[in-house]
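Peer 1:
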Amino acid sequence: MADKANQPLPTSLAGQQRKNIYPGLEVEIVLKQDQRTGKTTRGIVKDLLTNSPAHPHGIKVRLQDGQVGRVKTIVSSEKQ
Numbered sequence: 025m026a027d028k029a030n031q032p033l034p035t036s037l038a039g040q041q042r043k044n045i046y047p048g049l050e051v052e053i054v055l056k057q058d059q060r061t062g063k064t065t066r067g068i069v070k071d072l073l074t075n076s077p078a079h080p081h082g083i084k085v086r087l088q089d090g091q092v093g094r095v096k097t098i099v100s101s102e103k104q
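Under the working numbering, read the sequence shown as residues 25 to 104, first letter to last.
Next comes the structure, spelled out in structure tokens:
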């Protein structure tokens, strides 16, 4: 049986852990007004707004363009 502890998280689950999110990261977020539809918005993280180490609906961030939402997926893990 494979050791799951050493495998990377899928990008959708990685958005629930604060340690995986940092300024400059390209992500897709769900804005408050889009929570019903699940529509995502792509952007670059400017600020982390969730203080707890994890959140089941995704870490809340502010994008460089000022939009605020919860991280749904991580698009690029390369620091820019």
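The beta carbon of each residue, even a glycine, is placed where N, CA and C say it ideally should be.
Note that the structure is predicted; figures quoted are calculated from it, not measured.
#1: Residues bridged to residue 37 by DSSP?
#2: Got a sec? Which residues, its chain only, sit under 6 Å from residue 66 by beta carbon, not counting five neighbours each side?
#3: Are there 16 or more other CB atoms within 10 angstroms of the CB of residue 87, so buried, or fewer, so exposed?
#4: Measure the alpha-carbon distance for residue 71 versus residue 56 and round it to whole angstroms.
#5: Along the beta strand (DSSP E) that carries residue 96, what are the first and last residues, could you check?
#6: Do you know whose CA, among 83, 74 and 73, lies nearest residue 96's CA?
#7: State the Cα-Cα distance for the pair residue 62 and residue 92, rounded to the nearest angstrom.
Peer 2: Quick answer:
#1: None, per the DSSP bridge assignment.
#2: For residue 66, where only same-chain residues beyond five positions count, the Cβ hits under 6 Å are 52.
#3: It counts as buried.
#4: Computed Cα separation, rounded: 17 Å.
#5: Residue 96 -> beta strand (DSSP E) spans 92-100.
#6: Nearest of 83, 74 and 73 to residue 96, Cα basis: 83.
#7: Looking at the two C-alpha atoms, the distance is approximately 14 Å.
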